[in-house]
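What follows is a set of notes on a single structure, which appears directly below.
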Amino acid sequence: MKVIAHSLIVVFSLALATGAFAQQQTFTVDPNASKVAFALTGSHSVSGTFHVQSGTVDFDHTAAKISGSVVVAAGSGSSGEAGRDKKMNSDVLDVAHFTEISFVPQSYQGTLAPAGDSTIQVTGVIALHGTPHALTVPVQVHIDGNNLTATTHFSVPYVSWGLKDPSIFILKVAKEVGIDLTLSGQVSSAN
């Protein structure tokens, strides 16, 4: 009887431990399935994309803990017009000195469901032009088995963050750029 009771306690403890470990997961971003779209409005509107270079995000469903980073190649911006892209890369983003734009999540608020759809608020630090800026963004998360997609829309006040205003003469653009980020990849339980 003692052996059976002891065995049940061990099995129950392992089941609880397995459940706890399953709450800690890693999201590995697939750069080829992810994208950053930007839109700059004004008398001359511009839109385009940037390439997501890499990303790994660790999160815990039970403790609302999140860490990791998502990195975008600063020089990959493409608006469909080579001259404008060259000016954006050299004059505004200074990609010769700042090759990456990164976001490091630090916490989230809301409930992250283990499957299906969730909306959370993610707070972290975006490094743009070599300077860190605190940012909180709403993120829609969809988990289907091992597949995870996270989408968000937010604005970056690039001029007040110290980047050059590309407006010239009568071609005026907004001082904020709208960002639509879609991250897709695989989620796995942390070891």
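Quick note: the sequence shown uses our numbering, first residue 1311, plus one each step. Note that the Cβ used here is the ideal one computed from N, Cα and C, for glycine as well. Being a predicted model, the structure only gives us computed values, none of them experimental.
#1: Taking the CB atoms as reference points, tell me whether valine 1487 and phenylalanine 1348 lie closer together than 8 angstroms.
#2: Taking the C-alpha atoms as reference points, what is the distance between aspartate 1434 and valine 1380?
#3: Measuring alpha carbon to alpha carbon, tell me which of Gln1416, Gly1390 and Ala1423 ends up nearest glycine 1455.
#4: Phenylalanine 1331 to valine 1449, Cα distance in whole Å?
#5: Spell out the partners DSSP gives tyrosine 1418 in its beta bridges.
#6: Quick one: grab the DSSP three-state call for lysine 1474.
#7: Taking C-alpha atoms, which residue in Val1405, Pro1476 and Ala1425 lies nearest to threonine 1459?
#8: Between proline 1467 and the rest of its own chain, which residues show a CB-CB distance below 6 angstroms, the 5 nearest in sequence each way excluded?
#9: Which complete beta strand (DSSP E) runs does the region 1337 to 1417 hold, if anything under 3 residues is left out?
#10: Check each candidate in His1452, Gly1440 and Asn1342 and name the one with the smallest Cα separation from isoleucine 1411.
#11: Can you check DSSP and say which residues form a bridge with alanine 1444?
#12: Buried or exposed: which applies to isoleucine 1436, given that a residue is buried once 16 or more other Cβ atoms fall within 10 Å of its Cβ?
#13: For the beta strand (DSSP E) containing leucine 1458, name the first residue and the last one.
#14: Below 8 angstroms, can you find three or more Cβ-Cβ pairs linking the region 1488 to 1496 to the region 1468 to 1478?
#15: Since valine 1346 contacts valine 1362 with CB under 8 angstroms, what's their CB separation in whole angstroms?
#16: Compare the beta carbon distance of glycine 1358 and glycine 1393 with 8 angstroms and say whether it is the shorter of the two.
#17: Do you know how far the Cα of lysine 1396 is from the Cα of serine 1364?
#18: In chain order, what residues of the same chain have a beta carbon less than 6 angstroms from the beta carbon of serine 1377, not counting five sequence neighbours either side?
Result, derived from the coordinates:
#1: yes
#2: Looking at the sequence shown, residue 1434 is not aspartate but glycine. So the two alpha carbons sit approximately 11 angstroms from each other.
#3: Ala1423
#4: With a pLDDT of 37 at phenylalanine 1331, under the threshold of 50, the modelled position of this residue cannot be trusted; read the value that follows with caution. Near 24 angstroms, if we compare the C-alpha coordinates of valine 1449 and phenylalanine 1331.
#5: Val1432
#6: coil
#7: Ala1425
#8: Glu1486
#9: 1345 to 1350, 1356 to 1370 and 1375 to 1388
#10: Gly1440
#11: Val1435
#12: buried
#13: 1457 to 1466
#14: no
#15: 6 angstroms
#16: no
#17: 23 angstroms
#18: Asp1368
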